Amino acid sequence: MANRLANRFRPHRLVRYLSDPPFALPPLDILIRQSRQRGNPTEEHATSVARDCQTNNEFQFLLHSVSVHSCFKVDPHSPFSGKRRSLNTGSRALLCALASDESRSLDTGVNLEIASLAVKNYFRDVHGVPEEDADFISRNCPSFTTKLVKFATTSSQDTDGPINEKFFVDFYLKKEGGSVLEPVFESIGRVNATSPVTKLDVSLSGENGLFRKFEVLESLGCRRGKIWDVVEGNLEILSWRTEELQTTISFLKEHGVQNKDMCVFVKDPCVFTMDLEKRLGPILQYLSEVGIQKTVIGDLMKFNPQGLIKMPVANFRERVDFLLKLGLTSSEVQKSLSSFPQLIHLRLSNLTEKIEYFESLGIEKAIMSKIVAKLPSIFRHSIPKNLVPKVQMLEALGVSKTRIKKFIVHYPQLFGCGMDNLKSKLAFFEANGVTGNLLVKLITWHPRAFSLSVDENMAEKLKFLVRKGFEVGSSPMVRALAACLSISTDSLEARFVNLEGLGFSPKEVCDLVKKQPTILCLSEKTIRRKVDYLVRTMRRPTSELLKCPGYLLYSLELRIQPRQKVLEHLASRGLLRAGAYSLSTILQPREDVFEERFMKLDPDCRCGKFQQSKGLIMLGPGVFAEASGGASEAVH
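Counting along the sequence shown from 1, when you hit position 587 you're at 587 in the UniProt record's numbering, and nothing is skipped either side.
Written out as structure tokens, the structure is:
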């Protein structure tokens, strides 16, 4: 009776029912009731069957047993794999009865879990794929497993009995004309699973197997689930030997290509080829001849890899020679090519025309080489559409030709700014009283103002300075604005507070900044060190800073301390009265003037004995520094 019931119902219906989460049988009373209704006449028999299902994790055993009957291979590592015994009559009859209950059917009608298990075992046992890789495939090929389940649920009518479960996936592939690569490629990101899979002569396992190549690509930073995006356009590399693949990758790495860029090159069959070294050989030899490191190739390939590989060495040579003849060193040429790889693809006539135009503005060839080394992308700009209009704009503002030349030398980035952007900046300055000569001074002394945001930077700085007592459109306002362009408003507020903390009133701080706005660029630590030296060592009041704010800008080690030691020595000899000279008299003169005024008072000041006793070293004629000290801020 039980065997007849078992044969009446499709095995996949048992699987479908048992796969319904939460993967547990109903309570015992329900099992008993359903068992009696479905063919077990006595309550005692029904209870026995129900208890049998709930004993020793019988549910999982039944699930795996049904999967065997459904022609899917049982996982040999499962704790139930050794229980290839028949289900007892009552349990089998109960399962058949429950499976025939249409109300318990899943909407999907499939069991992807068991299909996934079949795929995993197929790749592991039939193709020798490592356990981890087989598991990855089975978990990431939902389209394939769905088709596999549909095939399993209909194939029983077309066969004379259950198919050997070990070869069920293989049977499906042969029956449907599928490829073993279909689930593999789906697991690495192939989305269009309906399109035919390209036939490749490639094994799945082994040193030259597909999964070994996946490991190589993963070492470049490619995620396993996204490898298809990398190899889709260049599937031929999957048929390479692993050694060939690694050789090409090593060649690219040796020449400056980083992992994050490597996957881009792998996609392009014109770039990622086995004869890459042969194609780039002449260019590499030339780079070696002129002293340019071969790693520049990696930067050049980022922009136009095909163009570089196909470029005749003569074309490459003439562009590099042009830069070398312009006056750039080999190191500067390398940096220029790395930062602006388009340069190697520009026409030689294009490069020559740009140099001739800048020479017409009075910029000598030697200076032009420095501009190109600093900003090689200047070659990208059109002369009539970019360079000429911006030079004319500066001329219209009243900037002299000499200043235009200096402007270009110090800030060639101007040519990278759009005309609308520049016009909006000029309109902002004029609306805030920065016009005429003040505007010319601002943009020529601090051309970086053209690169800053109006709303997020300059407008906020102007409001801040007005609050601190600066007059709109005044020269001190322009000088202070120029000094604090790269400093946030919060940092400016903190620096004003720090200066007030030295004993100055808000008005005195404002006067201090008006006289020497560059003070805003100094850190709190730097200011406090110098003020501490002023008060403790030089024994001068901080009020002297109001007369000589430039004191805070001089180097403590290279200017202030050496001169103070000279004055202390002269005072100890009675040749100079302590505090007789102001800070400006001591610090502002050039070194030769200071030496003539003070050091001539005592010949010992010029001798090495004095320098050694005072812990000084001579840096030049009359220029001293502490032997243990180093340079800090620049000397102004």
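Backbone N, C-alpha and C define an ideal beta-carbon position, used for all residues, glycine too.
Since we're looking at a predicted model, the values are computed, not measured.
Next on the checklist: DSSP three-state label for E364, please.
Outcome noted: Counting from one through the sequence shown, the residue named residue 364 turns up at place 364. Note: E364 maps to coil in three-state DSSP.
Checklist entry - Run through DSSP, which three-state label would P506 get? => result Position 506 of the sequence shown, counted from the start, is the residue given in the question as residue 506. Residue state, collapsed to three classes: helix.
Checklist entry - On the three-state DSSP scale, how would you describe T159? => result Sequence index remark: in the sequence shown, residue 159 carries index 159 (1-based). With a pLDDT of 44 at T159, under the threshold of 50, the modelled position of this residue cannot be trusted; read the value that follows with caution. In the structure shown, T159 sits in coil (DSSP, three-state: anything other than H, G, I, E or B).
Checklist entry - For E182, does the count of other Cβ atoms within 10 angstroms reach 16, so buried, or fall short, so exposed? => result Here residue 182 refers to the residue found at position 182 when the sequence shown is read from its first residue. Burial call: buried.
Checklist entry - Of the choices G398, N234, R223 and R448, whose alpha-carbon is the least far from that of N259? => result Residue mapping note: residue 259 aligns to position 259 of the sequence shown, counting from 1. It is R223.
Item to check | Where S138 falls, given that 16 or more other Cβ within 10 Å makes a residue buried | outcome: Taking the sequence shown and counting its residues from 1, one reaches residue 138 at position 138. A buried status is given to S138, since no fewer than 16 other beta-carbon atoms sit within 10 Å of its beta-carbon.
Checklist entry - Taking DSSP as the reference, what is the three-state secondary structure of G82? => result The residue labelled residue 82 in the question sits at position 82 within the sequence shown. Low confidence applies to G82: its pLDDT is 39, below 50, so where it sits in the model is not reliable enough to give any reading.
Item to check | Limits of the unbroken alpha helix (DSSP H) element including A578 | outcome: Taking the first residue of the sequence shown as position 1, residue 578 is located at position 578. A578 -> no alpha helix (DSSP H), and no H or E assigned at all.
Checklist entry - So C141 is in the alpha helix (DSSP H); what residue range does that whole segment cover? => result Stepping through the sequence shown from its first residue, residue 141 is reached at position 141. Going by DSSP, C141 is part of no alpha helix (DSSP H) at all; its letter is neither H nor E.
Next on the checklist: Would the stretch 436–446 count as touching the stretch 469–488 if we require 3 or more Cβ pairs under 8 angstroms?
Outcome noted: Result yes; three or more Cβ-Cβ pairs closer than 8 angstroms.
Item to check | Contacts around K405, its chain only, beta-carbon distance under 7 angstroms, and the 5 residues preceding and following it disregarded | outcome: Looking up residue 405 in the sequence shown gives position 405. Excluding residues within five positions, the ones whose Cβ falls inside 7 angstroms are L361, G362 and I363.
Checklist entry - CA-CA distance, C417 and K530? => result As a working note, residue 417 is residue 417 in the sequence shown. As a working note, residue 530 is residue 530 in the sequence shown. C417 and K530: Cα-Cα distance of roughly 40 angstroms.
Next on the checklist: Taking a contact to mean a Cβ-Cβ separation below 7 angstroms, would you say H255 touches G307 in this structure?
Outcome noted: Taking the sequence shown and counting its residues from 1, one reaches residue 255 at position 255. Taking the sequence shown and counting its residues from 1, one reaches residue 307 at position 307. At the C-beta level, H255 and G307 stay beyond 7 angstroms of one another.
Checklist entry - Rounded to whole angstroms, how far is the Cβ of G469 from the Cβ of K507, which I believe are closer than 8 angstroms? => result Residue mapping note: residue 469 aligns to position 469 of the sequence shown, counting from 1. Residue mapping note: residue 507 aligns to position 507 of the sequence shown, counting from 1. Indeed, because the Cβ distance is near 7 angstroms, the residues count as touching under 8 angstroms.
Item to check | Host alpha helix (DSSP H) of V566 (start-end) | outcome: Walking along the sequence shown from the start, residue 566 turns up at place 566. Where V566 is concerned, the enclosing alpha helix (DSSP H) starts and stops at Q561 to S572.
Item to check | For K530, the first and last residue of its enclosing alpha helix (DSSP H) | outcome: Numbered from 1 along the sequence shown, position 530 holds the residue referred to as residue 530. Per DSSP, the unbroken alpha helix (DSSP H) holding K530 starts and ends at E524 to R536.
Checklist entry - Quick one: what does DSSP say H127 is sitting in, helix, strand or coil? => result One-based indexing of the sequence shown puts residue 127 at position 127. In the structure shown, H127 adopts coil according to DSSP, grouped into three states.
Next on the checklist: Can you tell me whether R190 is helix, strand or coil according to DSSP?
Outcome noted: Counting from one through the sequence shown, the residue named residue 190 turns up at place 190. R190 falls in the coil class under three-state DSSP.
Checklist entry - Is it buried or exposed for Q285, if we count other Cβ within 10 angstroms and need 16 for buried? => result If you number the sequence shown from 1, residue 285 lands on position 285. Looking at its Cβ environment, which holds fewer than 16 other Cβ atoms inside 10 Å, Q285 is exposed.
Checklist entry - According to the Cβ coordinates, are A115 and T154 closer than 7 angstroms? => result Translated into the one-based positions of the sequence shown, residue 115 becomes position 115. Translated into the one-based positions of the sequence shown, residue 154 becomes position 154. In this structure, A115 lies away from T154, with their beta-carbon atoms at least 7 angstroms apart.
Checklist entry - Between the Cα of E430 and the Cα atoms of W445, A459, S451 and P412, which residue gives the shortest distance? => result Counted from its first residue, the sequence shown places residue 430 at position 430. Put simply, of W445, A459, S451 and P412 the residue whose alpha carbon is nearest the alpha carbon of E430 is A459.
Next on the checklist: For chain C, check one thing: does any of its Cβ atoms lie closer than 7 angstroms to the Cβ of K294?
Outcome noted: Any reference to chain C falls outside this structure, which holds one protein chain only.
Next on the checklist: Please tell me whether S377 and L328 are closer than 7 angstroms, where the distance is taken between their beta carbons.
Outcome noted: For this step, residue 377 is matched to residue 377 along the sequence shown. For this step, residue 328 is matched to residue 328 along the sequence shown. No. Outside cutoff.
Next on the checklist: Rounded to whole angstroms, what is the Cα-Cα separation between R528 and T489?
Outcome noted: Looking up residue 528 in the sequence shown gives position 528. Looking up residue 489 in the sequence shown gives position 489. The C-alpha of R528 lies about 21 angstroms from the C-alpha of T489.
Next on the checklist: With H, G and I counted as helix, E and B as strand and the rest as coil, what does DSSP make of P312?
Outcome noted: Here residue 312 refers to the residue found at position 312 when the sequence shown is read from its first residue. In the structure shown, P312 sits in coil (DSSP, three-state: anything other than H, G, I, E or B).
Checklist entry - Is there contact between the stretch 570–582 and the stretch 537–554, where contact requires at least three CB pairs shorter than 8 angstroms? => result The stretch 570–582, when compared against the stretch 537–554, does touch it at the 8 angstroms Cβ threshold.
Checklist entry - Are the stretch 283–301 and the stretch 332–351 touching, with three or more C-beta to C-beta distances below 8 angstroms? => result Touching, per the Cβ criterion.
Next on the checklist: What would DSSP say about W445, mapped onto helix, strand or coil?
Outcome noted: If you number the sequence shown from 1, residue 445 lands on position 445. If DSSP states are grouped into helix, strand and coil, W445 belongs with the helices.
Next on the checklist: What does the Cβ neighbour count give for G209, buried or exposed, with the cut at 16 atoms within 10 Å?
Outcome noted: The residue labelled residue 209 in the question sits at position 209 within the sequence shown. Under this definition G209 is a buried residue.
Checklist entry - If you count every other CB in all the chains shown that lies within 10 Å of the CB of R347, and 16 or more means buried, which is it? => result Here residue 347 refers to the residue found at position 347 of the sequence shown. Exposed, by the Cβ-count rule.
Checklist entry - For L235, which three-state DSSP category applies? => result Position 235 of the sequence shown, counted from the first residue, corresponds to residue 235. Assigned with DSSP and collapsed to three states, L235 falls in helix.
Checklist entry - My guess is that P312 and I371 are in contact by the Cβ rule of under 8 angstroms, so how many angstroms apart are they, rounded? => result Here residue 312 is taken as the residue at index 312 of the sequence shown, counted from 1. Here residue 371 is taken as the residue at index 371 of the sequence shown, counted from 1. Not a contact, Cβ separation roughly 29 angstroms.
Next on the checklist: On the DSSP letters alone, give me the boundaries of the alpha helix (DSSP H) that I404 sits inside.
Outcome noted: As a first step, residue 404 is located in the sequence shown; it is residue number 404 there, counting from the start. Taken as a continuous stretch (DSSP letters only), the alpha helix (DSSP H) holding I404 covers K401 to H410.
Next on the checklist: Taking the alpha carbon of V388 as the reference point, which residue from A373, L375 and I408 has its own alpha carbon closest?
Outcome noted: Position 388 of the sequence shown, counting from 1, holds the residue named residue 388. Ranking A373, L375 and I408 by Cα distance to V388 puts I408 first.
Checklist entry - Can you tell which of S523, K463, G501 and L462 has its C-alpha closest to the C-alpha of S491? => result Stepping through the sequence shown from its first residue, residue 491 is reached at position 491. Out of S523, K463, G501 and L462, the CA that lies nearest to the CA of S491 is found in S523.
Checklist entry - If you check the beta carbons only, do L570 and L534 fall under 7 angstroms apart? => result Along the sequence shown, read from residue 1 onward, the residue named residue 570 stands at position 570. Along the sequence shown, read from residue 1 onward, the residue named residue 534 stands at position 534. Taking 7 angstroms as the Cβ cut-off, L570 and L534 do not qualify as a contacting pair.
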